[in-house]
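Start counting the sequence shown at 4; every next residue gets the next number (our numbering). We put the beta carbon where it would ideally sit given N, CA and C, even for glycine. Since the model is a prediction, treat every value here as computed from it, not as a measurement. In what follows, a structure is listed as structure tokens, so that the remarks can point back to it.
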Amino acid sequence: MNEKTLRVLEYQKIINLLADHTVSNLGREIVLKLKPSNNVYEIKEWLQETSEAVEILLKKGSIPFEGIYDIRMPLKKAEVGSIIENSELLKISSTLAGVRKLKAFMKEEKNDNLYPIIEDLVSLLVELKDIEHSINNVVISEEEISDRASHDLYSIRKKIRDKHAKIREKMNNMITSVSYQKYLQEQIITIRGDRYVLPVKQEFRSSIPGIVHDQSSSGATLYIEPMSIVEMNNDLKQLKLKETNEISRILLLLSEMISEKSQEIRTNLEILTTLDFIFAKAKLSL
4 MNEKTLRVLE
14 YQKIINLLAD
24 HTVSNLGREI
34 VLKLKPSNNV
44 YEIKEWLQET
54 SEAVEILLKK
64 GSIPFEGIYD
74 IRMPLKKAEV
84 GSIIENSELL
94 KISSTLAGVR
104 KLKAFMKEEK
114 NDNLYPIIED
124 LVSLLVELKD
134 IEHSINNVVI
144 SEEEISDRAS
154 HDLYSIRKKI
164 RDKHAKIREK
174 MNNMITSVSY
184 QKYLQEQIIT
194 IRGDRYVLPV
204 KQEFRSSIPG
214 IVHDQSSSGA
224 TLYIEPMSIV
234 EMNNDLKQLK
244 LKETNEISRI
254 LLLLSEMISE
264 KSQEIRTNLE
274 ILTTLDFIFA
284 KAKLSL
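Below, the structure written as structure tokens:
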């Protein structure tokens with residue numbers, strides 16, 4: 004069928020209507036690439052799968068396609084040995100949860116092979132609960148890794164909290180000391196470049212031994228790290244470096260788990276995409 008005929012038939016308008024019924028971007032991609040077929044066997048199969056999906060929708064009203072993402076890029080990263088980021092891991096976990104929910108949904112519907120095409124597709128989906136649970140036990144949000152992600156991480160973070168508390172206690176003693184108050188612009192503790200500092204009046208620079216990390220725009224205030232806490236700040240910096248390294252190690256382990264099952268995950272994604280497309284046809288049919 005040539006392009007002129009498709010324009011006359013307003014084929015693209017139909018395609019756009021169909022695309023609006025997809026749930027995932029991947030399902031939408033299939034729709035936007037769709038061209039009419041003149042293969043009678045292919046056409047019959049397309050019609051049958053649409054009819055099966057219509058029957059399921061009429062019986063149940065909806066199908067669980069929420070939380071399916073395009074995870075091709077993070078899978079590729081895992082396959083080449085790169086670390087997958089928090090946000091990408093959450094999308095992989097969500098997509099794997101989608102596999103599990105869809106299989107459970109179709110188990111409820113299974114009845115004398117009423118939906119052979121759709122049931123065959125769903126039967127090919129592989130549940131990967133170990134990966135799904137491992138991600139959920141490690142990743143809290145796009146920015147946060149759980150303290151319980153590993154014993155070492157829990158231990159490091161406890162030491163970080165303890166070190167913060169000791170530094171603040173020492174500095175609180177300074178700012179509440181009568182001998183220090185006249186040197187300070189304000190009785191507050193602040194941070195510059197991940198180092199705890201005090202806001203010292205410029206004219207008293209020499210009265211508080213320490214390292215100047217910053218100054219106010221007017222130059223009236225210097226942000227000084229007192230020498231008495233330099234070593235404590237250094238310890239804190241080392242602990243944070245250990246925390247970063249441990250998080251990288253944990254994420255690398257997760258990425259390696261995903262790499263080992265990347266083909267199964269890719270197949271799952273292809274099947275979910277196909278089912279999204281089939282049910283979009285059913286929604287448009289209705």
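Beta-carbon separation (whole angstroms), residue i vs residue j, contact threshold 8 angstroms
{"i": "VAL102", "j": "LEU128", "result": "5 angstroms"}
{"i": "GLU267", "j": "LEU131", "result": "7 angstroms"}
{"i": "THR8", "j": "ALA285", "result": "Contact doesn't hold; Cβ gap of about 26 angstroms is too wide."}
{"i": "ALA100", "j": "GLU135", "result": "6 angstroms"}
{"i": "GLU45", "j": "TYR118", "result": "Between TYR118 and GLU45 the Cβ distance is about 19 angstroms, and since that is not below 8 angstroms, they are no contact."}
Straight-line gap, residue i to residue j (C-alpha atoms, nearest Å)
{"i": "ILE66", "j": "LEU105", "result": "8 angstroms"}
{"i": "ILE250", "j": "SER258", "result": "12 angstroms"}
{"i": "ALA83", "j": "LYS264", "result": "Just to set this straight, residue 83 is Val in the shown sequence, not Ala. Those two C-alpha atoms are separated by around 13 angstroms."}
{"i": "ILE87", "j": "GLU111", "result": "35 angstroms"}
{"i": "LEU93", "j": "ILE138", "result": "7 angstroms"}
{"i": "LYS243", "j": "GLY213", "result": "22 angstroms"}
{"i": "ILE211", "j": "LEU156", "result": "36 angstroms"}
{"i": "SER158", "j": "ASP238", "result": "15 angstroms"}
{"i": "TYR14", "j": "SER262", "result": "40 angstroms"}
{"i": "LYS169", "j": "ILE194", "result": "15 angstroms"}
Any non-hydrogen atom of the ligand FAD within 8 angstroms of residue i CB
{"i": "HIS216", "result": "Among the ligands in the structure shown, none appear at all, so the ligand FAD cannot be discussed."}
Neighbourhood of residue i by C-beta distance below 6 angstroms, restricted to the same chain and skipping five residues each side
{"i": "ASN89", "result": "VAL142, GLU145"}
{"i": "ILE27", "result": "It should be pointed out that residue 27 corresponds to Ser in this sequence rather than to Ile. Excluding positions up to five away in sequence, the list reads ILE71, ASP279."}
{"i": "ALA223", "result": "GLN205"}
{"i": "ALA152", "result": "VAL141, ILE253"}
{"i": "GLU189", "result": "PRO202"}
{"i": "ASP73", "result": "ASN28, LEU29"}
{"i": "THR247", "result": "none"}
Residues that DSSP places opposite residue i in a beta bridge
{"i": "TYR226", "result": "PRO202, ASP217"}
{"i": "VAL142", "result": "ILE148"}
Boundaries (first-last residue) of the beta strand (DSSP E) holding residue i
{"i": "ILE194", "result": "193–195"}
Residue-chain proximity (residue i, chain D), Cβ-Cβ < 9 angstroms
{"i": "GLN266", "result": "Annotation note: the requested chain D is absent from the structure, which comprises a single protein chain."}
Continuous alpha helix (DSSP H) stretch holding residue i: start and end
{"i": "TYR186", "result": "That residue, TYR186, is in no alpha helix (DSSP H); it is neither H nor E in DSSP."}
{"i": "PRO119", "result": "119–126"}
{"i": "SER85", "result": "Unbroken run through SER85: none, as it is neither H nor E."}
{"i": "TYR14", "result": "14–22"}
{"i": "PHE68", "result": "From DSSP, PHE68 is part of no alpha helix (DSSP H); its letter is neither H nor E."}
{"i": "GLU130", "result": "Taken as a continuous stretch (DSSP letters only), GLU130 belongs to no alpha helix (DSSP H), as it is neither H nor E."}
{"i": "MET177", "result": "154–178"}
{"i": "THR8", "result": "6–11"}
{"i": "ILE274", "result": "265–288"}
{"i": "THR28", "result": "Going by the sequence as given, residue 28 is Asn instead of Thr. ASN28 -> alpha helix (DSSP H) spans 28–35."}
Cβ shell of residue i (< 8 angstroms), same chain only, five flanking positions each side left out
{"i": "LEU187", "result": "ILE178, LEU201, PRO202, VAL203, LYS204"}
Cutoff 7 angstroms; reference residue i; Cβ partners in own chain excluding five residues on either side
{"i": "ARG269", "result": "LEU78"}
{"i": "SER96", "result": "GLU135, ILE138, ASN139"}
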